[in-house]
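Presented below is the structure to which this report refers.
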Amino acid sequence: MDALHRHRSLYKGTTPPWKETYRKRCVDRLKNSRSRLLERYRQMGTSQQPSGPGASAIVQEVMEEEWAALQSEERGLPPLLGPQGLAEMFNLEKEYDEFAVLEEIQQELMSHEMSIIEEYERNLQFEEQYISSVVEGLDETQIICPVCGVRNLNISSHFITCLCGLYLNTKSNVTPDVFKHLLESRMTEHMENCCQIPVFSVAAGTDGPSSLMISCQACDYLSIIV
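All letters in the sequence shown, in the order written, are residues 1 to 226 by the UniProt record's numbering.
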């Protein structure tokens, strides 16, 4: 502990020089861990709050991983104490400014985490409403065209058409139920990594029939629906 005391006494009353580098790295890593964060949040179930232990564990992991990376570059930094890492650090006496800095960064990360989850919830609600309007249509046999979003699709044997101009020769028998499943799965796949609204279009085939595509400029997602 003497070495640790000496290290922290160097920055007593000042902002540690590593603060901004560490803070930025933590924020970037958390944003890049969006898929992992949302997967853990989904596993928690709707009965738990986003601020519960399952969500904040990501923040602690991010801070520990980035601290280890920073420590390898700046040898003067102390290790995270004990098997519980930052959790144990925060339980020690908060007599050094470094503790306040770490807690400040932790609070900022938890705020970013909450923003990601809230954005996910808003887009999930919108996505569910949009899927419902697309795949349900007027009744179980009618599906609203994803391209124009207004007219109903005509799905008959090997053809899917719409008065807006959509024309697809599927080369195989695609039922309304099969089309619904394909549409839902692609939209869900996109939503897992992006909060933006995708667009639907028809791409002419070079050596075969046209395809219905789903794409997003924000995340470069592109996939064939049928």
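Cβ atoms here follow ideal geometry from the backbone N, Cα and C, with glycine treated the same way.
For clarity, every value in this text was computed on a predicted model and none was experimentally measured.
For the set Gln43, Leu30, Gly149 and Gln71, the Cα lying nearest the Cα of tryptophan 18 is the one of Gln71. The Cβ neighbour count for isoleucine 224, taken over all protein chains shown within 10 Å, is under 16; the residue is labelled exposed. Nearest neighbour of arginine 29 by Cα position, chosen from Arg40, Gln43 and Ala69, turns out to be Ala69. With respect to the C-alpha of glutamine 106, the residue from Ser56, Asn123, Pro209 and His190 having the closest C-alpha is Ser56. For secondary structure counted as the beta strand (DSSP E) over 3 or more consecutive residues, the UniProt domain "RPA-interacting protein C-terminal" (144–223) holds these complete runs in sequence order: 154–156, 159–161, 167–169, 199–203 and 211–216. Using a Cβ distance threshold of 9 Å, arginine 34 and isoleucine 160 do not count as a contacting pair. Distance from the Cα of valine 147 is smallest, within the candidate group Leu183, Pro176, Asn173 and Ser172, for Leu183. For tryptophan 18, the three-state secondary structure derived from DSSP is coil. CA-to-CA, the gap between isoleucine 214 and alanine 100 works out to about 47 Å. The three-state reading of DSSP puts serine 56 in helix, counting H, G and I together. When only Cα atoms are considered, glycine 205 and serine 211 end up about 7 Å apart.
Between glutamate 66 and arginine 25, the beta carbon gap of about 5 Å places them in contact (Cβ cut-off 8 Å).
In the DSSP annotation of this structure, the continuous segment of the alpha helix (DSSP H) that includes glutamate 39 starts and ends at 34–44.
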